[in-house]
Structures are given as C-alpha cells and as structure tokens.
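J.: Just so you know, full-length UniProt numbering puts 355 at position 355 of the sequence shown, and the rest follows in order with no gaps.
All residues carry an ideal CB built from backbone N, CA and C; glycine is no exception.
Quick one: this structure, given as structure tokens, is what I'll be asking you about.
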Amino acid sequence: MSPDVLGDPPPSPTAPASVPPQHPLGRIPVLDVRPCVDHGCRPAKSVVGEPFAVTATVFREGHDAVGASVVLTAPDGTTHHRSMTCTNPGLSHWEAQVSADVRGTWTYRVEGWSHPWASWVHDASIKIPAGIDVELMRAEGERVLTRAADEPSRDEGGRRALRSAADILRDPSHRPEAALHLVTTGPASEELAERPLREMISPSADLPLLVERELALYGSWYEIFPRSEGARFDEATGRWVTGTLRTAAKRLPAIAGMGFDVVYLTPVHPIGTTARKGPNNTLDAGPHDPGSPYAIGSPDGGHDAIHPDLGTFADFDAFVADARDLGLEVALDLALQCSPDHPWVTEHPEWFTTRADGTIAYAENPPKKYQDIYPVNFDNDPAGIYAEVRRVVQVWIDHGVTLFRVDNPHTKPVEFWQWLIQDVAAVAPDVIWLAEAFTTPAMMHTLAKAGFQQSYTYFAWRNTVAELTEYGAEVSGEAAAYMRPSFWPTTHDILTPYMQFGGPAAWKVRAALAATMVPTWGVYSGYELMEHVARPGSEEQIDNEKYEYKDRRWDEVAESGESLTGWLTMLNTIRREHPSLQLLRNLTFHHVDDENLIAYSRSRVLADGSQDLVIVVANLDPHGTRSSTLRLDMGALGLAWDATLQVTDLVTGAHWEWGEANYVRLGSEGEPVHIVSVR
Numbered sequence: 001m002s003p004d005v006l007g008d009p010p011p012s013p014t015a016p017a018s019v020p021p022q023h024p025l026g027r028i029p030v031l032d033v034r035p036c037v038d039h040g041c042r043p044a045k046s047v048v049g050e051p052f053a054v055t056a057t058v059f060r061e062g063h064d065a066v067g068a069s070v071v072l073t074a075p076d077g078t079t080h081h082r083s084m085t086c087t088n089p090g091l092s093h094w095e096a097q098v099s100a101d102v103r104g105t106w107t108y109r110v111e112g113w114s115h116p117w118a119s120w121v122h123d124a125s126i127k128i129p130a131g132i133d134v135e136l137m138r139a140e141g142e143r144v145l146t147r148a149a150d151e152p153s154r155d156e157g158g159r160r161a162l163r164s165a166a167d168i169l170r171d172p173s174h175r176p177e178a179a180l181h182l183v184t185t186g187p188a189s190e191e192l193a194e195r196p197l198r199e200m201i202s203p204s205a206d207l208p209l210l211v212e213r214e215l216a217l218y219g220s221w222y223e224i225f226p227r228s229e230g231a232r233f234d235e236a237t238g239r240w241v242t243g244t245l246r247t248a249a250k251r252l253p254a255i256a257g258m259g260f261d262v263v264y265l266t267p268v269h270p271i272g273t274t275a276r277k278g279p280n281n282t283l284d285a286g287p288h289d290p291g292s293p294y295a296i297g298s299p300d301g302g303h304d305a306i307h308p309d310l311g312t313f314a315d316f317d318a319f320v321a322d323a324r325d326l327g328l329e330v331a332l333d334l335a336l337q338c339s340p341d342h343p344w345v346t347e348h349p350e351w352f353t354t355r356a357d358g359t360i361a362y363a364e365n366p367p368k369k370y371q372d373i374y375p376v377n378f379d380n381d382p383a384g385i386y387a388e389v390r391r392v393v394q395v396w397i398d399h400g401v402t403l404f405r406v407d408n409p410h411t412k413p414v415e416f417w418q419w420l421i422q423d424v425a426a427v428a429p430d431v432i433w434l435a436e437a438f439t440t441p442a443m444m445h446t447l448a449k450a451g452f453q454q455s456y457t458y459f460a461w462r463n464t465v466a467e468l469t470e471y472g473a474e475v476s477g478e479a480a481a482y483m484r485p486s487f488w489p490t491t492h493d494i495l496t497p498y499m500q501f502g503g504p505a506a507w508k509v510r511a512a513l514a515a516t517m518v519p520t521w522g523v524y525s526g527y528e529l530m531e532h533v534a535r536p537g538s539e540e541q542i543d544n545e546k547y548e549y550k551d552r553r554w555d556e557v558a559e560s561g562e563s564l565t566g567w568l569t570m571l572n573t574i575r576r577e578h579p580s581l582q583l584l585r586n587l588t589f590h591h592v593d594d595e596n597l598i599a600y601s602r603s604r605v606l607a608d609g610s611q612d613l614v615i616v617v618a619n620l621d622p623h624g625t626r627s628s629t630l631r632l633d634m635g636a637l638g639l640a641w642d643a644t645l646q647v648t649d650l651v652t653g654a655h656w657e658w659g660e661a662n663y664v665r666l667g668s669e670g671e672p673v674h675i676v677s678v679r
C-alpha cells in the first residue's frame with residue numbers, strides 16, 4: 001500500500017525528536033550523587049559543623065576537561081559552592097568534604113561543567129614543548145583567559161591577573177615555553193583554581209539535607225529507674241521504701257560528674273495491678289511488689305500522668321531544672337503500650353486488638369510473654385490514637401523533656417513515627433528521638449530514614465574482631481547518611497554472655513569500644529558495679545530492676561572505691577577533649593597480628609588546620625594478656641610510611657614513639673585498652 005492510503009508518511013529519520021527525554025542527563029552528565037537516601041525521597045542527615053563527603057560521577061564526551069562543584073543551599077536560600085576533586089579519574093569519581101553551619105532543611109546538588117582552562121593547560125603542556133601548533137595554542141589560551149576575565153561576577157583583582165596572563169601569551173617577546181610557565185604557575189592560574197571559568201553547567205537534581213543540633217550525633221547517655229534512686233529496704237516493716245523524683249535528683253551530680261550529657265528515665269507513669277509481674281518476671285506479684293514501669297496505666301492515670309509514689313509534676317519540673325543546672329538534658333521513655341488498667345482500655349477499646357474469644361490480646365515476643373501489657377492497635381482509629389499520642393508527647397515537652405527513648409518502635413507503623421516526629425519538629429525542633437528497635441536491619445534502617453535521630457544497634461552482640469570491624473564499617477559507611485548508631489554495652493534488658501563471664505576487663509573494654517567507636521553511647525545504671533549475674537536461661541540480669549526496687553548503696557560504693565566510676569569519667573573526658581571522637585564517618589581500622597586485638601583510628605581536621613588523631617587498641621580476650629604487633633595503615637592516616645609518631649596513652653599517661661609497626665601488650669596484667677593521642 002502507498003503512504004497516502006495509510007495516512008501521514010513516517011517522519012524522516014533525520015528529524016529531531018519532538019519529545020524531550022523524561023530524565024535529561026544534561027550537557028555534562030552528573031550521575032550517582034551521594035549521599036542519596038531512598039532516591040532523594042528522604043533527607044540525608046548531618047549536624048551543624050559535621051563534615052561529610054558528597055560524591056558523584058561526572059564526565060563528558062571526548063577528551064576535554066570537566067570540573068564539578070557541590071552547591072549547598074541553606075534554609076534562607078543562600079548558596080555555598082565547594083569545588084570537588086576527581087579522586088579516581090579512570091572511574092570519573094569526584095568528591096568534596098562539606099558541612100552546614102546552621103540548623104534546618106538544606107538542599108545540595110552537584111554541578112558538572114566544562115573546564116576550558118584545564119583543557120587548554122593539558123593540550124598546551126603537550127603541544128608547546130613539542131613545537132606543535134604553538135601560535136594557535138597561544139591564541140587559544142589568550143581567548144580562554146579573556147572569556148574568564150569578562151565574567152561579570154569576577155572581582156577587579158582577578159580580572160587584572162587574567163588580562164595580564166592574556167597579554168603574556170599575546171606578547172611575542174615571551175618565548176612559548178616561558179609564556180606557558182608564567183601563565184600556568186602565576187596569579188592567573190591561582191585565580192582560575194579558586195574561581196574557575198565554568199561553561200555548560202549541568203546540575204543534578206537537588207537532594208534534601210536535614211541539619212540538626214550536635215546532640216543528635218554526639219552525646220553520652222545514662223539510664224536510671226527513678227524509683228530505685230533513693231529506695232531502701234525498711235528492716236522494721238519488711239518492706240521497700242520507694243525512691244522518688246526528689247531522691248533521684250540527688251543522683252544527678254554524680255551522673256554529671258562522670259561526664260554524661262543525658263539522663264534517661266524509664267517510664268514514670270502509674271503502673272497497673274492486673275497481671276502485675278513479680279520479681280524476675282514471675283506471675284505471682286505480691287501486694288507490695290512495684291510491678292514493671294512498662295505496664296503503664298492505672299486509675300491514677302496513663303501516659304500523661306506521674307506515678308504517685310514518684311511525686312508530682314512539680315517534682316518532675318524540679319528534677320529537670322536540677323539536671324539543666326548540671327548541664328544534663330532529660331530523656332524520657334515513650335512506651336506505647338498499656339496495662340489492662342489504663343484509662344484508654346475502657347475509654348477507647350477500639351485502640352486495641354480483640355481476639356476471637358472477645359479478650360484483648362496482650363503483648364508477646366515469643367518466647368517472651370508480657371501478660372501485664374496490651375499493645376496499641378494503630379489501624380482501627382488512626383486519627384484518634386495519633387492525636388492522643390501527640391498530645392501526650394507535648395505534655396512532656398512542656399515539662400522540659402528534650403529527648404525520647406522510644407520502646408519497641410518497630411512494633412508500631414513506620415508511617416506513624418514519620419508523622420509524629422515531623423509534627424513535633426515543627427514546634428519543638430530540639431527534640432531528639434532514640435529508637436530502641438533490636439529487630440531486622442530493614443526496619444531499623446527505615447525507622448532512621450523516617451526521622452529517628454538515633455538508633456540502638458547490634459553492638460552488644462558483636463564481640464570478635466571480625467564482627468566489630470564489619471559492623472563498625474557498616475554503621476560508619478553509607479548508612480551514616482541517615483542512621484546514627486548508639487552503642488550500649490548493656491541495658492536493663494540485655495546482659496550478654498560476654499558481660500556475664502568476662503570479668504572487669506570485659507566491662508572496661510566494652511565501655512571503651514562503645515565510647516570511642518561511635519559518637520553516641522550509653523550505659524545503664526549499675527554499669528559502674530559490673531552487675532553481671534543473669535537470670536538462669538536468659539540474657540537479663542537476675543533480680544531485674546524492671547520488676548523490683550534496687551538499692552545500689554552509692555555512698556558505700558564511693559567510699560569503697562570498687563567501681564568503674566573513674567573509668568567512665570575518663571572515657572567521657574577523652575571524648576570531650578578529642579573532637580575526632582565526636583564524628584561518625586571517620587572510622588578507620590588497622591591490622592593487629594593477634595586476632596584477639598582490634599585497632600582503629602578516628603581523625604578530624606580542626607579549624608586551625610591541625611589534626612586531632614586518636615588510635616584505639618583493645619584486647620577482646622577478657623581472660624588474659626595479649627602481646628602482638630600493631631600495623632598502622634599510614635596511608636589512611638595521611639602520613640608517610642616511614643613517619644615517626646609521638647603518642648600519649650590517654651588511659652595510663654605513658655608516652656611512646658610509634659611508627660608503622662608497633663609492639664602492644666594489653667590485658668589482665670595492665671589495662672586492656674590503649675586510647676592513644678597522636679602528635
């Protein structure tokens with residue numbers, strides 16, 4: 001058939017496309033910009049002043065040179081340009097270290113651009129010495145310099161330098177090679193290195209960046225059960241006398257004295273009596289057993305109330321004020337579950353799951369059973385439960401709480417947390433959320449992407465050099481763009497076999513690793529006493545504080561000197577004095593010949609250009625002394641392989657000379673850890 005029978009003839013194969021590409025690459029392709037969280041749907045994270053790397057693949061056709069820049073746009077719309085460096089020309093990999101100086105929502109992008117000056121320098125450096133197209137190369141260079149000098153944004157000093165260089169190339173009295181040397185090493189070259197002539201600028205998409213306050217990245221937490229601080233057993237009555245918020249406040253100077261930044265309170269709300277747990281999680285609570293503070297709710301109130309035994313909101317406010325006077329912020333446990341006696345159970349039964357027999361399902365985490373609590377169902381009335389939790393959170397913010405440790409967030413919808421955290425941030429941007437989610441990696445990472453500033457981790461169960469090295473690389477690598485790990489050696493729920501049987505060396509080592517491997521760490525009250533006895537068949541302490549009072553007799557401990565108080569104080573002091581330990585993405589591992597010894601370093605360039613470098617070597621075998629050779633990766637430290645280092649052990653005060661290979665001896669005959677400051 002002829003074309004006129006079928007309709008219009010097909011377009012000419014030489015005709016331009018009428019529809020542009022859906023995702024145009026740009027004249028200079030810019031690909032794989034990182035960090036990029038969920039294809040840019042969620043923001044990367046940093047804190048004020050935190051350096052982090054932006055990378056991209058930037059290239060072009062042919063042999064002409066390209067350049068790349070990072071453009072940061074602040075919340076007020078001002079832009080900040082940072083030149084990128086090609087760190088792997090063969091792979092067209094470009095990188096720049098950037099940081100943001102104010103809090104808020106930023107964007108960043110990478111711009112690729114044609115670099116005519118670098119192209120000319122490359123060609124001229126080959127052709128002029130070889131006598132090829134000499135005059136043409138001089139003319140081409142003059143033209144590039146003139147274009148650069150004519151840029152409206154360039155200051156007068158830069159214009160003069162560029163025009164002078166153009167005159168040199170134009171002046172026949174300058175021999176070709178001399179002219180080349182003058183223009184490629186003089187002021188014009190410096191001007192174009194600082195402010196290059198950028199042509200064919202091709203930007204990537206803008207990516208979001210959330211910049212938060214420093215405590216979101218760096219801090220030390222100390223957990224307490226308020227009812228135990230000041231609790232005592234009355235021999236006369238045979239009953240416990242509970243601690244209160246007022247007696248708990250007396251513990252604050254000691255916590256601040258150890259250098260902690262956050263005092264974290266387990267739930268302070270009324271506790272139900274139905275199915276109340278007794279000592280060691282038994283089902284036969286006596287009439288005077290206090291029950292678990294996680295079984296929230298009684299006729300005295302729910303999540304917005306304070307247990308009458310602990311005091312009143314006036315007492316809570318006084319506790320917060322005392323903490324602030326000591327430089328401490330207060331974190332509160334947010335545990336969204338209810339005792340059967342919680343007011344929500346009768347007022348809003350739709351907020352819970354009803355089983356086939358008509359009863360409300362209690363919480364389970366097989367094989368664990370929590371008969372004393374009901375989990376909240378977020379699906380039956382999402383608008384109602386969302387609004388109620390938001391109201392409860394605001395109650396505590398209004399009373400000075402600035403951090404929430406969220407109990408089991410992985411058992412609630414992720415979209416709920418995303419909404420709640422964003423809604424709170426709109427009116428209280430200082431609030432920080434810590435996710436207590438020991439669950440699958442996918443859920444832990446998604447909670448961080450949804451807004452949690454910090455996350456509990458698998459650290460407690462990573463004990464060998466291989467495990468710690470792999471995990472340290474994971475949490476300080478690409479995941480660090482959105483997930484900030486918090487390392488806790490133990491919690492009120494976790495007492496691993498390593499801690500049960502490792503003795504004092506284990507407790508020292510795990511604290512040192514937690515405090516120096518990542519910028520946020522925490523301990524559970526009693527860590528100083530190395531409370532290491534587990535309930536048979538579990539990884540929890542015997543006589544767990546969740547179910548009973550605990551009088552640790554701090555005054556007697558202080559007098560005896562038999563505690564790790566000094567060790568914890570030392571670790572927090574080192575962290576404060578060494579800015580390299582306040583970052584996450586700067587972790588480098590080094591080799592030790594003995595497989596029981598781990599070594600890593602943290603470095604940071606300071607404002608004055610100096611480098612803060614800390615090297616940690618730890619003996620993971622808590623039962624013996626180990627001697628071996630530490631082999632430093634001098635290249636990774638930015639040092640010559642034959643460099644000599646003057647080092648000071650911040651644990652013992654000893655001074656040594658170190659190089660690439662160093663003898664180390666750690667263990668039971670001395671301290672199990674070197675924390676070394678390098679000059």
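#1: Use the C-beta contact count for residue 407: other C-beta atoms within 10 angstroms, 16 or more gives buried, fewer gives exposed.
#2: Kindly confirm or deny that the segment 325-332 and the segment 375-391 touch, where touching means at least three C-beta pairs closer than 8 angstroms.
#3: If I'm right that residue 395 touches residue 304 with Cβ under 8 angstroms, what's the distance once you round it to whole angstroms?
#4: Could you pull out every residue in the same chain whose Cβ sits closer than 7 angstroms to the Cβ of residue 422, ignoring the five residues on either side in sequence?
#5: As a quick exercise: from 341, 41, 102, 195, pick the residue whose alpha carbon is nearest that of residue 84.
#6: Going by the CB atoms, is the gap between residue 619 and residue 653 shorter than 8 angstroms?
#7: Residue 520 and residue 217 - do their beta-carbons sit closer together than 8 angstroms?
#8: Within the chosen definition, does the segment 287-305 reach the segment 244-259 through at least 3 CB pairs nearer than 8 angstroms?
#9: Going by DSSP in three states, residue 40 sits in which element: helix, strand or coil?
#10: Work out the CA separation of residue 484 and residue 514 for me, nearest whole Å.
#11: Straight-line CA distance for residue 6 to residue 25?
#12: Quick one: Cα of residue 268 to Cα of residue 630, how far?
#13: Would you mind reading off the limits of the beta strand (DSSP E) that contains residue 521?
#14: Given a cut-off of 8 angstroms on the beta-carbon distance, is the pair residue 278 and residue 289 in contact?
#15: Which same chain residues end up closer than 7 angstroms to residue 412 when comparing Cβ atoms and leaving out the 5 residues on each side of it in sequence?
#16: Take the Cβ of residue 117 as the centre, count every other Cβ of all protein chains shown within 10 Å, and call the residue buried at 16 or more, exposed below.
#17: Of the residues 81, 529, 545, 30, which one's Cα is nearest the Cα of residue 60?
#18: In this structure, does DSSP put residue 572 in helix, strand or coil?
#19: Within 10 Å of its beta-carbon, does residue 550 have 16 or more other beta-carbons around it, so buried, or fewer, so exposed?
#20: With a 10 Å radius around its C-beta and 16 neighbouring C-beta atoms as the bar for buried, classify residue 355 as buried or exposed.
#21: Please name the residue in 168, 172, 447, 201 whose C-alpha comes closest to that of residue 185.
#22: State the beta-bridge partners of residue 663 as determined by DSSP.
#23: Which residues in the same chain as residue 533 place their Cβ atom closer than 6 angstroms to its Cβ, once the five residues preceding and following it in sequence are excluded?
#24: Rounding to the nearest angstrom, what Cα-Cα distance links residue 88 and residue 122 in this structure?
#25: Taking only the alpha-carbon atoms, compute the straight-line gap between residue 286 and residue 437 and give it to the nearest angstrom.
#26: Span of the alpha helix (DSSP H) holding residue 162?
#27: Could you have a look at residue 102 and say whether DSSP puts it in helix, strand or coil?
#28: Do you know offhand how far residue 645's Cα is from residue 610's?
#29: State the Cα-Cα distance for the pair residue 506 and residue 388, rounded to the nearest angstrom.
#30: Does the segment 556-572 touch the segment 588-601, meaning 3 or more C-beta pairs lie closer than 8 angstroms?
#31: Considering just the uninterrupted stretch of the alpha helix (DSSP H) at residue 247, what are its terminal residues?
#32: Would you mind listing the beta strand (DSSP E) stretches within the segment 62-122 that are 3+ residues and don't spill past its ends, in chain order?
#33: Quick check: what's the CA-CA separation for residue 435 versus residue 220?
#34: In whole angstroms, give me the CA-to-CA distance for residue 661 and residue 459.
#35: Would DSSP call residue 55 helix, strand or coil?
#36: So what's residue 6 in DSSP terms, helix, strand or just coil?
T.: Let me lay it out:
#1: buried
#2: no
#3: 5 angstroms
#4: 451
#5: 195
#6: no
#7: yes
#8: no
#9: helix
#10: 13 angstroms
#11: Because residue 6 sits at a pLDDT of 48, beneath the cut-off of 50, its placement in the model cannot be relied upon, and the point is left open.
#12: 48 angstroms
#13: 520-524
#14: yes
#15: 336, 378
#16: buried
#17: 30
#18: helix
#19: buried
#20: exposed
#21: 168
#22: 629
#23: 542
#24: 18 angstroms
#25: 31 angstroms
#26: 156-170
#27: coil
#28: 15 angstroms
#29: 44 angstroms
#30: no
#31: 245-249
#32: 66-73, 79-83, 85-88, 93-98, 104-114
#33: 16 angstroms
#34: 29 angstroms
#35: strand
#36: For residue 6, the pLDDT reaches just 48, beneath the cut-off of 50, and the residue's location in the model is therefore unreliable, leaving the point undetermined.
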